[in-house]
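> Line by line, the protein sequences are chains A and B. When we follow the numbering used here, the leftmost residue of the first sequence carries the number 18, and every step to the right adds one. When we follow the numbering used here, the leftmost residue of the second sequence carries the number 8, and every step to the right adds one. Note that beta-carbon positions come from the ideal geometry of N, C-alpha and C, so glycine has one too.
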Amino acid sequence: GQSLEQPSEVTAVEGAIVQINCTYQTSGFYGLSWYQQHDGGAPTFLSYNALDGLEETGRFSSFLSRSDSYGYLLLQELQMKDSASYFCAVRDPYNQGGKLIFGQGTELSVKP
Amino acid sequence: EAGVTQFPSHSVIEKGQTVTLRCDPISGHDNLYWYRRVMGKEIKFLLHFVKESKQDESGMPNNRFLAERTGGTYSTLKVQPAELEDSGVYFCASSSQGTQSGNTIYFGEGSWLTVV
Numbered sequence: 018g019q020s021l022e023q024p025s026e027v028t029a030v031e032g033a034i035v036q037i038n039c040t041y042q043t044s045g046f047y048g049l050s051w052y053q054q055h056d057g058g059a060p061t062f063l064s065y066n067a068l069d070g071l072e073e074t075g076r077f078s079s080f081l082s083r084s085d086s087y088g089y090l091l092l093q094e095l096q097m098k099d100s101a102s103y104f105c106a107v108r109d110p111y112n113q114g115g116k117l118i119f120g121q122g123t124e125l126s127v128k129p
Numbered sequence: 008e009a010g011v012t013q014f015p016s017h018s019v020i021e022k023g024q025t026v027t028l029r030c031d032p033i034s035g036h037d038n039l040y041w042y043r044r045v046m047g048k049e050i051k052f053l054l055h056f057v058k059e060s061k062q063d064e065s066g067m068p069n070n071r072f073l074a075e076r077t078g079g080t081y082s083t084l085k086v087q088p089a090e091l092e093d094s095g096v097y098f099c100a101s102s103s104q105g106t107q108s109g110n111t112i113y114f115g116e117g118s119w120l121t122v123v
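1) Can you give, in chain order, each stretch of the beta strand (DSSP E) that sits fully within the stretch 26 to 75 of chain A and has at least 3 residues?
2) Assuming A/Y103 contacts A/L125 under a Cβ cut-off of 8 Å, what Cβ separation, rounded to an integer in Å, is found between them?
3) I need the straight-line Cα distance from A/D56 to A/A101, nearest angstrom please.
4) Taking Cβ-Cβ distances below 7 Å as the criterion, which residues of the stretch 28 to 51 of chain B are in contact with chain A?
5) Check A/L95 in the structure and name its three-state DSSP category.
6) Starting from B/N38, trace the beta strand (DSSP E) in both directions and tell me its first and last residue.
7) Expressed to the nearest angstrom, what Euclidean distance is found between the alpha-carbon atoms of A/S25 and A/L90?
8) For B/P32, count neighbouring Cβ atoms within 10 angstroms of its own Cβ and tell me buried if that reaches 16, exposed if not.
9) Kindly list the residues whose CB is nearer than 8 Å to the CB of A/K128, restricted to its own chain and excluding five residues on each side of it in sequence; keep chain order.
10) How about A/Q42 and A/S20: do their beta carbons lie closer than 7 Å?
11) When the distance is taken between beta carbons, is B/G95 closer than 7 Å to B/R29?
12) So is A/A33 buried or exposed if we call it buried at 16+ other beta carbons inside 10 Å?
13) What residues in the stretch 83 to 111 of chain A bring their beta carbon closer than 7 Å to a beta carbon of chain B?
14) So A/P129 contacts chain B; which residues on that side make the cut at Cβ distance below 7 Å?
15) Within the same chain, show all residues whose beta-carbon is closer than 7 Å to that of A/S86, passing over the 5 residues directly before and after it, in chain order.
16) Give the straight-line distance between the Cα atoms of A/L68 and B/S103, rounded to the nearest whole angstrom.
17) Could you check whether the Cβ of B/V19 sits closer than 7 Å to any Cβ belonging to chain A?
Okay, structure coming up:
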């Protein structure tokens, strides 16, 4: 089966940099995705890594190391609006439709 | 283009009652998923439709849950009879057919269900 581990909560201050780690166990691997959820609303796609290395999208970057079954989401120049839940997710290799398996989510609190 | 829409946004029902949640996926998306998030826990997969067919219903908790997608368009998720542990946020999501590893799955705002 598939499982993902990520910290339950992280606190940081405005302007800082924060890293949210994710380790996974999966019988087949098709990349690691990150989703953001504000106030329990619709989870929205942030980034995806299929290969090792860093993917950068503005203030957000995501990293993957397949040999370590590990990835992280890096948020720079934190803003108050970044306070949200962040989920890492992997695709179920046995589901052709791209079904995602999610971690428990990391609650990020950004303080002034 | 409209996103994934869900109805109702909030529902409070008594234990033993029935609730039906509806999801309208993004037009043209063959894949439709139902997920549930209980407070503080992971977003847990319930089931997956490809058009009108159930591709995977391995996450459905028990036979009190019934999902349908007649005609391959909108979907309903019925809980009958509802129990206290069914409380949570039910998310619907959709994606286009042929979704590969990194393609985005689009989520609705969720239907918040409280069973009292």
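So, to answer that:
1) 26 to 30, 35 to 42, 49 to 54, 61 to 66, 70 to 74
2) Within the first sequence, residue 103 of chain A is the residue found at index 86, counting from 1. Within the first sequence, residue 125 of chain A is the residue found at index 108, counting from 1. Their Cβ separation, rounded to whole angstroms, is 6 Å, which keeps A/Y103 and A/L125 in contact under 8 Å.
3) In the first sequence, counting from the first residue as 1, residue 56 of chain A sits at position 39. In the first sequence, counting from the first residue as 1, residue 101 of chain A sits at position 84. If you take the alpha carbons of A/D56 and A/A101, they lie about 7 Å apart.
4) N38, Y40, K48, E49, I50
5) In the first sequence, residue 95 of chain A corresponds to position 78, counting from 1. DSSP places A/L95 in coil when its eight states are reduced to three.
6) As a first step, residue 38 of chain B must be located in the second sequence, where it is residue number 31. Note, B/N38: beta strand (DSSP E), 38 to 44.
7) Numbered from 1 along the first sequence, position 8 holds the residue referred to as residue 25 of chain A. Numbered from 1 along the first sequence, position 73 holds the residue referred to as residue 90 of chain A. A/S25 and A/L90: Cα-Cα distance of roughly 14 Å.
8) What you label residue 32 of chain B is simply residue 25 of the second sequence in a count that begins at 1. Taking every protein chain shown into account, the CB of B/P32 has 16 or more other CB atoms within 10 angstroms, so this residue is buried.
9) Residue mapping note: residue 128 of chain A aligns to position 111 of the first sequence, counting from 1. For A/K128, where only same-chain residues beyond five positions count, the Cβ hits under 8 Å are T28, A29, V30, E31.
10) Here residue 42 of chain A refers to the residue found at position 25 of the first sequence. Here residue 20 of chain A refers to the residue found at position 3 of the first sequence. It is a contact, given that the beta carbons lie within the stated cut-off.
11) Within the second sequence, residue 29 of chain B is the residue found at index 22, counting from 1. Within the second sequence, residue 95 of chain B is the residue found at index 88, counting from 1. It is not a contact, given that the beta carbons lie outside the stated cut-off.
12) Your numbering for residue 33 of chain A matches position 16 in the first sequence. That one is exposed.
13) F104, R108
14) Residue numbering aside, residue 129 of chain A sits at position 112 when the first sequence is read from its first letter. Within 7 Å Cβ-Cβ: nothing; A/P129 doesn't reach chain B, min ~25 Å.
15) Within the first sequence, residue 86 of chain A is the residue found at index 69, counting from 1. Excluding sequence neighbours, A/S86 sits near T40, Y41, Q42.
16) Counting from one through the first sequence, the residue named residue 68 of chain A turns up at place 51. Counting from one through the second sequence, the residue named residue 103 of chain B turns up at place 96. Roughly 23 Å separates the two Cα atoms.
17) As a first step, residue 19 of chain B is located in the second sequence; it is residue number 12 there, counting from the start. The beta-carbon of B/V19 is placed no less than 7 Å from the nearest beta-carbon of chain A.
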